[in-house]
Amino acid sequence: MLVAAAMCPAPPLLVPEVAAGAAPELADARTACSDALAVLAASRPDLLVVVGAADEDHRGPYPQGSRGSFHGFGVEAGVQLGDGEEGPRLLPPSLAVGAWLLRHARWGASPVEGLGVGEPLEAARCLE
Numbered sequence: 005m006l007v008a009a010a011m012c013p014a015p016p017l018l019v020p021e022v023a024a025g026a027a028p029e030l031a032d033a034r035t036a037c038s039d040a041l042a043v044l045a046a047s048r049p050d051l052l053v054v055v056g057a058a059d060e061d062h063r064g065p066y067p068q069g070s071r072g073s074f075h076g077f078g079v080e081a082g083v084q085l086g087d088g089e090e091g092p093r094l095l096p097p098s099l100a101v102g103a104w105l106l107r108h109a110r111w112g113a114s115p116v117e118g119l120g121v122g123e124p125l126e127a128a129r130c131l132e
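Residue 5 is where the sequence shown starts when you use our numbering, and the numbers rise one by one after that.
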């Protein structure tokens, strides 16, 4: 049963190491995400599922402990989705941002899993 949900943006620029000089301008967005996670923690969930966009090769579940990085953005920062052993594949960027937001908010309210989702759309459908 869904107890609570929060929508947070997932651009890698939310991660200060990726944003570099633009990091201060995004502080309000990071704070809003931390506030949303605090509301989720207050609902005392049994499990937090981070859902994010993923290309076809990265769709599907990611167990707790899955790791990701921002190497593709020129940054050596790595992240982990909750505690646990490393998962079998790297997180897509959206879930890596989610993992970073959770670490930034010091999430510890429940176990965490990830789910990469996506539906390819033609450009015309995106404009509707």
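Note that the Cβ used here is the ideal one computed from N, Cα and C, for glycine as well.
- Leaving aside the five residues that flank A14 on each side, the residues in its chain whose CB is nearer than 6 Å to its CB run, in chain order, G56, S98, V101.
- Within the DSSP bridge table, the entry for R71 names Q84 as partners.
- Taking C-beta atoms under 8 Å as the contact rule, G118 and L95 qualify, at a distance of about 6 Å.
- For E117, the beta-bridge partners assigned by DSSP are V53.
- For V83, the closest C-alpha among the options P65, W104, P67 is that of W104.
- Listed in chain order, the non-local C-beta contacts of D87 below 6 Å within the same chain number zero, local neighbours out to five positions each way being set aside.
- Under the three-state reduction of DSSP, G112 is assigned to coil, being neither helix nor strand.
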